[in-house]
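Heads up, the thing below is written out as structure tokens.
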Amino acid sequence: MVADDETISAFLGDAENPAHTKWTTNAEKLRRNYVAPDKRLKVIRNAVVNFYDMLVQAEEEEDLQALSKFFSMPGAEAKKKKERKPDRPEPPEPPRDFPSPAPRVARIETTADGFSIKPAQGAESASYPMEFKVSVAYETAASGNPFKKYSRFDFDLGKKGEISIDVSKSVRVNSANENILELEILGPDFEIALSGFDPIVTLRSS
1 MVADDETISA FLGDAENPAH TKWTTNAEKL RRNYVAPDKR LKVIRNAVVN FYDMLVQAEE
61 EEDLQALSKF FSMPGAEAKK KKERKPDRPE PPEPPRDFPS PAPRVARIET TADGFSIKPA
121 QGAESASYPM EFKVSVAYET AASGNPFKKY SRFDFDLGKK GEISIDVSKS VRVNSANENI
181 LELEILGPDF EIALSGFDPI VTLRSS
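See below:
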């Protein structure tokens, strides 16, 4: 099953866990961008199962009149009609009133040897203070999650003189260790810039 609708795709993208392996109602982006998303996510999670159940019901429907033309007996048809099982209820239709996603608070721009985080459309209307957790890793040629393949030999955000972290006055750095950067954003005029990464290797951040 493929989510072609742009709104649903964005909704499911925000619901992904950091490993991008499943949807979770505790995802930070989902909680930040949507109001009460739990019910909608549950419907999507169960969509394939409900669809399968509907097909199985159709396959297992017993047709008591299939051979009545060849093997009928007087009075038997009326009896069979009485014994016919009641129709199964139709599965509920998936909701179509998905809430519009809230405007994004931040956007990421790549630079020659790093990236920067700047205000997006929703920054002015957001509530502050808020917390940002930024994960950084190098893309690898091997398949899999690059964040799980991170190594201290790649870089360490907490090591002085290796990666430069510059923040504006409305940003407080709570923690910088290995490939995780935890920030507190105090206002809408924030800006975070990280530099010093290997420019030859593709950088991934989330």
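Going by full-length UniProt numbering, the sequence shown opens with residue 1, and the numbers climb by one from there. Beta carbons: idealized from backbone N, C-alpha and C, even for Gly. Source: prediction; values computed, not measured.
So if DSSP puts Glu191 in a beta bridge, which residue, or which two residues, is it bridged to? Walking along the sequence shown from the start, residue 191 turns up at place 191. None; Glu191 has no bridge partner.
Only counting the same chain, and skipping five residues up and downstream in sequence, which positions put a Cβ closer than 8 Å to that of Trp23? For the purposes of this step, residue 23 is taken as the residue at position 23 of the sequence shown. For Trp23, where only same-chain residues beyond five positions count, the Cβ hits under 8 Å are Leu12, Ala15, Glu16, Asn17, Leu41, Ile44, Arg45.
Which word fits Ile185, buried or exposed, when buried means at least 16 other C-beta atoms lie within 10 angstroms of its C-beta? Taking the first residue of the sequence shown as position 1, residue 185 is located at position 185. Buried is the call here.
DSSP three-state label for Asn50, please. Translated into positions along the sequence shown, residue 50 becomes position 50. Of the three classes helix, strand and coil, the one that applies to Asn50 here is helix, per DSSP.
Helix, strand or coil: how does DSSP classify Asp166 here? Walking along the sequence shown from the start, residue 166 turns up at place 166. Note: Asp166 maps to strand in three-state DSSP.
Consult DSSP for Val43 and reduce its assignment to one of helix, strand or coil. The residue given as residue 43 occupies position 43 in the sequence shown. In this structure, Val43 counts as helix in the three-state DSSP scheme.
If you follow the beta strand (DSSP E) that Gly196 is in, where does it begin and where does it stop? Counting from 1 along the sequence shown, the entry for residue 196 is found at position 196. Segment: none, Gly196 is in no beta strand (DSSP E) and carries neither H nor E.
Pull up the DSSP beta-bridge partners for Asn177, would you. Within the sequence shown, numbered from 1, the residue matching residue 177 stands at position 177. In the DSSP output, where bridge partners are listed per residue, Asn177 has Ile180.
If Ser116 sits next to Ala193, beta carbons under 8 Å apart, how far is it from one beta carbon to the other, in whole angstroms? Position 116 of the sequence shown, counting from 1, holds the residue named residue 116. Position 193 of the sequence shown, counting from 1, holds the residue named residue 193. About 4 Å separates the two Cβ atoms, so the contact holds.
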